[in-house]
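S.K.: I'd like to ask some things about the structure below.
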Amino acid sequence: MFPATPIKNIQTHLPQVLTALKKTKLADQEMILMALGTIRAETEGFVPISEGISKYNTAPGGRPFGKYDFRKDIGNNGTGDGDKYKGRGFIQLTGKSNYLSIGQKLGLGTKLVENPELANDSTVAADILAMFLKVKESIVRQDLAKSDLAAARKRVNGGSHGLDRFSSTYKAGFKLTTSTGDRG
363 MFPATPIKNI QTHLPQVLTA LKKTKLADQE MILMALGTIR AETEGFVPIS EGISKYNTAP
423 GGRPFGKYDF RKDIGNNGTG DGDKYKGRGF IQLTGKSNYL SIGQKLGLGT KLVENPELAN
483 DSTVAADILA MFLKVKESIV RQDLAKSDLA AARKRVNGGS HGLDRFSSTY KAGFKLTTST
543 GDRG
């Protein structure tokens, strides 16, 4: 399911992910596989990470993450917001409004906005992943029921980034769990 990932990373971080999914009542087969597929698509190494500079977030010769600075659709309002609220964690939480909304839903108030690096703490990253999936649960479950993995992936990422890794992980996990009799 994670062919390029050091087993130590999975052993270190999987318990926090499973605990967070249980807390949000998402510890069934579909949502665990959704979470694992998302982690593989977003971080590959099964560790919370910060988004890297790319053509999607940084103009040629521009300030890192400058394309995010004035993205009102994600709550960013000015110079520096792009870098401050770049993608982080297992799910690559991006944008000031997402940091605020998910932080509040987790009972953290404004702590994620004030200290965005918290999103890379393993336990916090797992909680963010689980809460983000909880918010999208109904529509994601509809997509999964139709075996529309591309639509389910888009609910989290907004596009198709990592769809191949997501789909591969989801399908491999489904095959493993159904062949052992575990159907959720």
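Each residue of the sequence shown is one higher than the last, beginning at 363 in the working numbering.
The beta-carbon is built from N, C-alpha and C at its ideal position, and this holds for glycine as well.
Bear in mind the structure is a predicted one, so any value in this text is a computation, not a measurement.
(1) Around the C-beta of A382, are 16 or more other C-beta atoms found within 10 angstroms, so that it is buried, or is it exposed?
(2) Starting from E392, follow the alpha helix (DSSP H) in both directions and report where the run begins and ends.
(3) If we count the other Cβ atoms within 10 Å of its Cβ and call it buried at 16 or more, is Q454 buried or exposed?
(4) Could you check what DSSP says for S530 in three-state terms: helix, strand or coil?
(5) Taking the continuous alpha helix (DSSP H) assigned at N438, which residues delimit it?
(6) Any contact between the region 446–465 and the region 408–417? By contact I mean 3 or more CB pairs, one from each, below 8 Å.
(7) Measure the alpha-carbon distance for Y532 versus L398 and round it to whole angstroms.
(8) Between the Cα of L490 and those of R425, V518 and K417, spot the shortest distance and give me the residue it belongs to.
(9) Between which two residues does the alpha helix (DSSP H) containing F494 stretch?
(10) Just verifying my parser: in three-state terms, what is the DSSP assignment at L455?
(11) Please report the Cβ distance between D431 and G423, rounded to the nearest whole angstrom; I am assuming they are in contact, meaning their Cβ atoms lie under 8 Å.
(12) Can you name, in chain order, every residue of its own chain whose Cβ lies under 6 Å from the Cβ of A513, other than the five neighbours on each side?
(13) Would you call the region 471–490 and the region 364–372 touching, i.e. three or more CB-CB distances under 8 Å?
(14) Which residues in the same chain have their Cβ closer than 8 Å to the Cβ of A492, if we skip the five residues on either side of it in sequence?
(15) Please report how far the alpha carbon of Q391 lies from the alpha carbon of L538, in whole angstroms.
M.R.: The short version:
(1) buried
(2) Q391 to T405
(3) Buried, since its Cβ has 16 or more Cβ neighbours within 10 Å.
(4) helix
(5) In the DSSP annotation of this structure, N438 is not part of any alpha helix (DSSP H), being labelled neither H nor E.
(6) In short, these stretches touch, since the Cβ pair count reaches three.
(7) 7 Å
(8) Checking the displayed sequence, the identity of residue 490 turns out to be Ile instead of Leu. Among R425, V518 and K417, the Cα nearest to that of I490 is on V518.
(9) S484 to V497
(10) strand
(11) About 15 Å separates the beta carbons of D431 and G423, which is beyond the 8 Å limit, so they are not a contact pair.
(12) If we look at A513 and ignore the five residues flanking it on each side, its Cβ neighbours are D505.
(13) no
(14) V379, A382, L383, K385, T386, L388 and A397
(15) 11 Å
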